[in-house]
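In the numbering used here, each residue's number is its place in the sequence shown (first place is 1) plus 99. Yeah, the Cβ is synthetic: ideal placement off N, Cα and C, and Gly gets one too. As the structure is a prediction and not an experimental result, all values here were calculated from the model.
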Amino acid sequence: MASPSSTPASSAPEKKQVQSLQQKNTRLRQQKVAADEQKAQDQRYERSQDRFRTVFENSPMGQKIIDPDLRIRQANQALATLLGLKSLKKVVGRKIIDFAHPDFVKDWEQLQEQLWDHKKPSFVLETCLVRQDKSSFWCRVTSVLFPDEEGELGYTTLEDITARKQLELANQHLYDTQETILQLAAHDLKAPIANILMIMTMLRGHAGVLSIDSAMARQDVEALLGLVEQACGKADALLRDVLFLGQLEATRLKKHRTNLGAFLDKRVAVFRLSAQDKGIHLRLNLPKTPIHADIHADKFGRILDNLLANALNFTPAGGKIRVGLRQLKGRIRLVVHDTGLGIPEALQPHVFDKFTSASRPGLYGDTTTGLGLFITKQIVEMHQGKIWLDSKENEGTTFFIDLE
100 MASPSSTPAS SAPEKKQVQS LQQKNTRLRQ QKVAADEQKA QDQRYERSQD
150 RFRTVFENSP MGQKIIDPDL RIRQANQALA TLLGLKSLKK VVGRKIIDFA
200 HPDFVKDWEQ LQEQLWDHKK PSFVLETCLV RQDKSSFWCR VTSVLFPDEE
250 GELGYTTLED ITARKQLELA NQHLYDTQET ILQLAAHDLK APIANILMIM
300 TMLRGHAGVL SIDSAMARQD VEALLGLVEQ ACGKADALLR DVLFLGQLEA
350 TRLKKHRTNL GAFLDKRVAV FRLSAQDKGI HLRLNLPKTP IHADIHADKF
400 GRILDNLLAN ALNFTPAGGK IRVGLRQLKG RIRLVVHDTG LGIPEALQPH
450 VFDKFTSASR PGLYGDTTTG LGLFITKQIV EMHQGKIWLD SKENEGTTFF
500 IDLE
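In structure tokens:
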């Protein structure tokens, strides 16, 4: 029997093999831990992607991801709805600039420059887009630059702010009306009031003369009182125009179906006596077939009143004024033509301005407020119409109004 001391010890190769197995086992455990961690990361990423897709696809605001050339590579249904499209296929692959209002294309060019050229992390703008049915809407655009495997992309949200913009526009109209009244008080009423004060001072200076029963004294007083009446008349006309303008801005027009021929006939009749007194031939040309349109009678009547008053003021005796109405393809045209002095070419671009510099005294001493044609244009546009003129000095002026 062999003694214990004779038991063979583990060989060196066996020890190396054990160590190798231990190291391999350690590496396998490490690889498994790494794999488990990677799997957990992948799962977290997938959950994150699922959350993003849920938010992206179900957001009530338009969402899109755009390339540096502004091409839409991904979008949600809310964006398609904003653009008046039923299918995302008509959105994805197109450039967002294709939907931009022509007046606001530069907004997107600016966004492109700020994000990709200047590497600005985010950019916000308010712009106008056009739907498939050609209607337009305002939106607030927020775009964030983020890295992607293929480069940097823009994550963009679009929020419809049309209602807010309409409210801002209404507030601006109110501000403009208040500004008009302040401008009138500060400037245009200053002259007639100053004239009244000056005349009253002169009358006070003639106080001693007023008691003298002489034709000269009476003539002087009557002349001065005539000037007072004229100054008061101008101030009254100014106030009436401004009050009318304020009323115009504050109310919505309630239109009614109206026979325009019958309406014009009654309105023109008011001016026939004045035209006759000035030796001017006033004629109304109406088609045989009645033409109807939706108008606000009082406001629309102001259009004709202003145009005929101007024509009478600047047409000499023996001249002609013609009011015409006709049906064109898809629109109605109203024309007021006179053979008067005409409007100098340099003044024509300004005739529809508020307190226009094109305002001139008429042939018969009548003065204008500078608001008449501005008000006329506002009323035409409130009827979804368009007004323009054609005029040559010493030949006459024609105003055209088209109603859809």
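Residues near residue i by beta carbon distance below 8 Å, same chain, minus five either side
| i | result |
| --- | --- |
| serine 235 | His200, Cys227, Leu228, Val229 |
| glycine 484 | Ile500, Asp501, Leu502, Glu503 |
| glutamate 492 | Leu440, Gly441, Ile442, Pro443, Glu444 |
| alanine 177 | Ser158, Pro159, Met160, Gly161, Gln162 |
| arginine 371 | Leu381 |
| lysine 114 | none |
6 Å CB neighbourhood of residue i in its chain, flanking five on each side removed
| i | result |
| --- | --- |
| isoleucine 164 | Arg172, Gln173, Leu252, Tyr254 |
| threonine 241 | Val223, Thr256 |
| phenylalanine 498 | Leu406, Val435, Leu488 |
| methionine 481 | Leu352 |
| valine 191 | Ile171, Ala174 |
| lysine 419 | His380, Thr438 |
| leucine 324 | none |
| serine 105 | Residue confidence is low: serine 105 scores 48 on pLDDT, short of 50, so the model does not pin down where it sits. No coordinate-derived value is stated. |
| proline 167 | Trp215 |
| proline 103 | Unreliable positioning characterises proline 103 in this predicted model, as indicated by a pLDDT of 49, which lies under 50. The coordinate reading is nonetheless provided below. There are no such residues. |
| lysine 453 | Phe473 |
| isoleucine 486 | Lys476, Val479, Ile500 |
Minimum C-alpha distance to residue i - residue among the options
| i | options | result |
| --- | --- | --- |
| threonine 180 | Met160, Asp452, Gly429 | Met160 |
| leucine 385 | Asn405, Gln122, Phe362 | Phe362 |
| leucine 472 | Thr414, Asp319, His272, Asp404 | Asp404 |
| lysine 353 | Glu321, Asp397, Leu372 | Asp397 |
| leucine 470 | Ala408, Asn493, Glu492 | Ala408 |
| alanine 262 | Phe245, Ser490, Trp237, Val243 | Trp237 |
| isoleucine 298 | Thr496, Val327, Asn270, Asp393 | Val327 |
| aspartate 393 | Arg430, Gln265, Val243 | Arg430 |
| aspartate 364 | Leu383, Val190, Gln121 | Leu383 |
| histidine 217 | Gly192, Lys233, Leu244, Gln231 | Leu244 |
| proline 414 | Asp259, Gly495, Ser186, Ala177 | It is worth fixing the name first, because residue 414 is threonine in this sequence and not proline. Ranking the options by Cα distance to threonine 414, first place goes to Gly495. |
| serine 221 | Lys233, Asp232, Pro246, Asp202 | Pro246 |
| phenylalanine 447 | Leu184, Lys453, Ser490, Arg339 | Checking the sequence, you will find glutamine at residue 447 rather than phenylalanine. Measuring from the Cα of glutamine 447, the nearest candidate turns out to be Ser490. |
| lysine 233 | Leu184, Phe370, Val132, Gln176 | Leu184 |
| isoleucine 260 | Asp206, Glu225, Glu248 | Glu225 |
| glycine 360 | Lys387, Gln129, Leu127 | Lys387 |
Residue j beta carbon less than 8 Å from that of residue i
| i | j | result |
| --- | --- | --- |
| valine 450 | valine 435 | no |
| valine 204 | isoleucine 195 | no |
| asparagine 412 | proline 389 | no |
| glutamine 211 | lysine 219 | no |
| serine 186 | asparagine 175 | no |
| isoleucine 402 | valine 479 | yes |
| histidine 391 | arginine 356 | yes |
| tryptophan 207 | leucine 266 | no |
Contacts around residue i, its chain only, beta-carbon distance under 7 Å, and the 5 residues preceding and following it disregarded
| i | result |
| --- | --- |
| glycine 400 | Arg366 |
| methionine 100 | Note on methionine 100: pLDDT 46, under 50, position unreliable in the model; no value is reported. |
| isoleucine 292 | Ala334 |
| phenylalanine 198 | Leu182, Leu228, Val229 |
| alanine 139 | none |
| glutamate 258 | Met160, Cys238, Arg239 |
Extent of the continuous alpha helix (DSSP H) to which residue i belongs
| i | result |
| --- | --- |
| glycine 360 | 359-376 |
| tryptophan 207 | 204-211 |
| glutamate 480 | 471-481 |
| threonine 180 | 176-181 |
Boundaries of the beta strand (DSSP E) in which residue i is found, first to last residue
| i | result |
| --- | --- |
| leucine 385 | Careful: leucine 385 lies outside any beta strand (DSSP E) and carries neither H nor E. |
| phenylalanine 413 | Note, phenylalanine 413: premise wrong, no beta strand (DSSP E); alpha helix (DSSP H) at 396-413. |
| phenylalanine 198 | Premise fails: phenylalanine 198 is in no beta strand (DSSP E) and is neither H nor E. |
| glycine 484 | 484-491 |
| leucine 424 | 419-427 |
| glycine 495 | 495-502 |
| proline 246 | 235-247 |
| threonine 255 | 250-259 |
| lysine 219 | Unbroken run through lysine 219: none, as it is neither H nor E. |
| glutamine 447 | Unbroken run through glutamine 447: none, as it is neither H nor E. |
| aspartate 437 | 430-437 |
| glutamine 162 | 161-165 |
For residue j and residue i, believed in contact at Cβ under 8 Å, the rounded distance
| i | j | result |
| --- | --- | --- |
| arginine 432 | isoleucine 500 | 7 Å |
| leucine 406 | threonine 475 | 7 Å |
| glycine 378 | glycine 417 | 6 Å |
Residue i beta carbon near the ligand GDP (any heavy atom closer than 7 Å)
| i | result |
| --- | --- |
| alanine 408 | As presented, the structure is devoid of all ligands, the ligand GDP included, so that no description of it is given. |
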